[in-house]
Every structure is written in C-alpha cells, then in structure tokens.
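Protein sequence lines, in the order shown, are assigned to chains A and D. Under this note's numbering, the first residue of the first sequence carries the number 39, and numbering increases by one thereafter. Under this note's numbering, the first residue of the second sequence carries the number 39, and numbering increases by one thereafter. Here a beta-carbon is modelled for each residue, glycine too, at the ideal position from N, C-alpha and C. Bear in mind that the values here come from a model prediction, so they are computed numbers and not experimental data. Written out below as structure tokens is the structure these notes cover.
2 protein chains.
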Amino acid sequence: MTETTQDGSARTSSTRHQGLDRDDVIDAALELVERGGGDALTMRKLAAELGVSPTTIYWHIGNRDELVLAVVRRQAERQAATRVRGRSAQERVSSAARNIWRNALAHRNVTALATQAGATTLLELPLETTLVAELEVAGVRGVAARDALRSILAVIAGFLVLTWRRDDVPDELHPATLWAQVDDDRLSSQTLTALKGRSDPDKLFERTMRSVVEGILADVDR
Amino acid sequence: MTETTQDGSARTSSTRHQGLDRDDVIDAALELVERGGGDALTMRKLAAELGVSPTTIYWHIGNRDELVLAVVRRQAERQAATRVRGRSAQERVSSAARNIWRNALAHRNVTALATQAGATTLLELPLETTLVAELEVAGVRGVAARDALRSILAVIAGFLVLTWRRDDVPDELHPATLWAQVDDDRLSSQTLTALKGRSDPDKLFERTMRSVVEGILADVDR
DNA sequence: ACCTGAACACCGTTCAAGT
DNA sequence: ACCTGAACACCGTTCAAGT
C-alpha cells in the first residue's frame, strides 16, 4: 500500500503520504473548493487527493467545520489589500465597497462556502477595515460607521446571491422563465416584456451602491 | 408490518401508510422544513414521519430536488397576498418591499431552502408582482421597472443573509467578536467600540431601502 | 396503482491498532 | 508523532419484487 499512488498525477511540490502537514491539507482543500465548490470538499475526496487515508485529515485538522474555517482563513490571507481609488469621499467609499464585491466574484466558490459557514466576516475583515477607514475620512464615525458598513455589506451580499443564482439553476426557475408566465392587468406590456430579460448585474450594483452611499453621506451633515 | 406504526403519534388528519397521496407528502415535508430547516428534510426522515418506506416518496414525488420545489410551491400558495400601505409612491413601493422582507423573516426556513435551491422567484412571484405594480403607479416602467425590482430584491436578500447569520453561528465568527480583535490606526476608538456592537436589522433595512427607493424614483423625472 | 426490501455508492466521524 | 482499517450511523437513489 505504501508503493501505489491513486493515480500518476504529481500535484503539489511537496511530498505526499509522509511528511504531510496541516498546511498541505489546507492548501489541497482550498484547491478542491476552487475547482468544484464547497460540495466537492469532502474528507474522503481530500484524503484521496493527498494520497492518504481519511482519518489522517482528522489527525491534522479537527473535523470538517474546522477544515472549512481553515480554508476561509487561508483565502483571507491571500486576499491582498487592494487599492482604493477616487478623490471624493463618495468615490472612495464606493471603490472600497467595489473591491469587496469584485473579490467575491473572482473567488465565488470560497466566498459561497464562507457565506454558508457564516464566516464572511472572517474572510473579508481586512477589506472591511479599509472600507470603514474610508468612511471615517468621509466623516462617518461611531455607530453611524458601523451601520453604514453593515448596510453596504448587505447590498454586496444581496447582489452576490442574485449573481450566483444565474449559473447553476435549471431554466424553469430563472426569473425570466417565471415572468414569462405572468399575466397581470396591473402591469404594462412593456414592463412585462422587460421582466423577461436579464439585468446587467455590474451596472445595477454600481447604481444601487451609489444610492446607498449617498444616503449614508447625506446623514453626516445633520 | 401493516399493523405497527413507528410511534403512537397521530399527526395529520389523513390516514397514513395507505391512501397516502402527493399532497400529504408535500405537507409533511413542509412541516419538517419549518421545524428543522432544510437539512432536516431527508427522504428517510420524511418517510419515517409518514410511516412509510423511503422508496414510497420516490413513487409519489420524483427525487429530492423535485420535492424541494414542490415544498416551495406550496409555501408560495400559502403566502396570501398582503396589503400595500401608504399614500405616496415612496411609501407604497417601500411597503411592498417590506412585505417580502417580513414574509421571509416569518418563514425563514422555507425561504432559506428556496434561496439555496435558487427558487426564490418561485416563492415570491406574487409579492414581486405587487411590488412591480406599485412601481408602475409611481411611473417606473419597462427596463427601469425590471432593474428597480432586481435592485430591491438584492437589498432584501442581503439583509436576510445578514440576519440569518446571527443565530446558528459560533460566537468566534460573529462580527462583534472579530472586530474586537482589530486594532488599526485608521479607525477611531469610538468607531472600533461601535463595531463591537450589533445593529438593529429592521431599522437598518428601512433606512437602506429608503435610499434605494429614493434613487429609483429620482430617475423617473429625467 | 401503490408500496417494500435489499442494495449501491456515497457521506462524517470514532477508535483501536500499527510504526 | 503520524497514519491506517474497520466500523457506525447517516445520506440519495435504483430496481426487482410484492399486493
């Protein structure tokens, strides 16, 4: 059993099956998630990937919940602090918010996993800190800053849910399909037609976020 | 085997183990979800609940995915159309949005299940239609109405994610706990203190939604 | 038409045992 | 210290078989 490896693939640079450490396990787990989503992260698949018995995972990490948290933490480290752009307060706050949004889009599988595990703050804390810093510069402080942050994060989370839904869902559940079956007197035909189409999530995000940030900044002067 | 029932509980008014039909299965499934969340909806538990073998479920409904959709459809029927309040366009649109939000809070388990299955539109279509109708009255039509709807739904979804997270998640993952460990020069001490506290999700929802609806209605006159 | 039992291919997790 | 094998209690799903 010591001689045979599952398949011939030489994946990571590290040796496997002996000298395996916690970091190797987490790296492999993150890779598994990025390739196949959170559902692909099973103890058995991960063990197979590492050429090791499932119980070995339990020795290095605790159980699956702890593994997920470790994966999220690793991704959090990798999310290098991105730069904030813009001159006005409005622009800079929006830019910091957009950074979180774009990052989540770029790493959707890990982000979805974190959301599911209730660990989004763990994942985004550095980026959120930057956002709050920009709010401070804009004069939003204390409880107002906290509420502003939560508000902005809610909008981001909402758009992520909306965007994620598009791919993996059967056609019969798409809004476009369902609206095509609606026939209501209260709605004009032009609106009904529009509802059968798709929105550009990026443009919509920008517009919505602008309204929310404007609302937040408007409260400062009171 | 025909004589013994799992336990002595007489649950629904209908007979069980014979004369069981599709509707009974869906009702029991919905009840299971409302009690224990989506994870509690397993074919085997549902079968046990009905005093029947798991394979029977497959005969009446298809597989688990179809069962979930059936459950969501049933809940959609039950969500009686709620009344829209307010006089101004701003108030009425917000009221229609709030109806969706409140409904989701009241039936969080089914709503979470629907979200997970990508079937929120299936669940909310009647309430969404009412919302669009109010947008029409406010002069928002066609593509603008569609985008406004999606925008508003994103905000609702975001606040749901934010609110759901509060209960079932370990303390070490709560924003309050994580922010307590942050020490960043860019943040004032009063803001750091505030970040350790919780926001009132309802108030925050109202304020954020007001900004978004204002933004939507402001575009009408252009 | 309606339901069961056995079976398959998966899970997470524990525990005694090996080196 | 690090790893394995066997086992337990769960999943969803299929399929031949019973009435």
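Return yes when the Cβ of D:Q113 is within less than 8 angstroms of the Cβ of D:V63, no when it is not.
-> no
Please report the residue range of the alpha helix (DSSP H) in which D:Q128 lies.
-> 127-144
Answer yes or no: do D:A157 and D:V199 have a C-beta to C-beta separation smaller than 8 angstroms?
-> no
Let me know the secondary structure DSSP gives D:Q44 once reduced to three states.
-> Interpretation of D:Q44 is limited by its pLDDT of 33, a score under 50 that renders its predicted location unreliable; the figure taken from the coordinates is listed afterwards. DSSP, read as helix, strand or coil, puts D:Q44 in coil.
Report the option in A:H212, A:L161, A:I95, A:G253 whose CA atom is closest to the CA atom of A:D61.
-> A:I95
Just how far apart, CA to CA, sit D:K83 and D:G57?
-> 19 angstroms
Span separating the alpha-carbon of A:V178 from that of A:T167 = The straight-line gap from Cα to Cα measures roughly 14 angstroms.
For A:L88 and D:H145, the rounded distance between their alpha carbons = D:H145 and A:L88 have their C-alpha atoms spaced approximately 42 angstroms apart.
Indicate the three-state DSSP secondary structure (helix, strand or coil) for D:G57 in the structure shown.
-> coil
Chain A residues whose Cβ lies nearer than 8 angstroms to that of D:A171 | D222, R224, L225
Within chain D, partners of A:L70 - CB distance below 9 angstroms = By Cβ distance, chain D contributes nothing, its closest Cβ being about 21 angstroms from A:L70, past 9 angstroms.
Going along the chain, which residues of the stretch 116-133 of chain D sit with their C-beta nearer than 8 angstroms to a C-beta in chain A?
-> So the list is empty, because no residue satisfies the distance condition.
Can you find at least 3 beta carbon pairs, one from the stretch 243-260 of chain D and one from the stretch 248-255 of chain A, that sit closer than 8 angstroms?
-> yes
Kindly indicate the opening and closing residues of the alpha helix (DSSP H) around A:I254.
-> 239-256
Closest residue to D:R116 among D:V193, D:V106, D:L68 (Cα-Cα distance) | In this structure, D:L68 is the residue among D:V193, D:V106, D:L68 with its C-alpha nearest to the C-alpha of D:R116.
With 8 angstroms as the threshold, decide whether the Cβ of A:G100 is near any Cβ in chain D.
-> Not an interface residue.
Just by C-beta distance, which residues in the stretch 81-100 of chain D are closer than 9 angstroms to chain A?
-> none
Grab me the residues of A:I190's own chain with a C-beta within less than 6 angstroms of its C-beta, minus the 5 sequence neighbours each way, in chain order.
-> A135
Name, please, each residue of chain A whose Cβ falls closer than 7 angstroms to the Cβ of D:Q228.
-> R179, G180
Look at the alpha carbon of D:A155 and the alpha carbon of A:A119, and state the distance between them as a whole number of angstroms.
-> 33 angstroms
Ends of the alpha helix (DSSP H) at A:H98?
-> Segment 92-98, the alpha helix (DSSP H) holding A:H98.
Under a CB-based cut-off of 8 angstroms, is D:T159 close to chain A?
-> Yes, its Cβ sits closer than 8 angstroms to a Cβ of chain A.
Exposed unless 16 or more other CB atoms sit within 10 angstroms - verdict on D:T93 | exposed
What residues from chain D crowd round A:A150, counting only those whose CB sits closer than 9 angstroms?
-> Going along chain D, no residue has its Cβ under 9 angstroms from A:A150, so there is no contact; the nearest lies around 11 angstroms.
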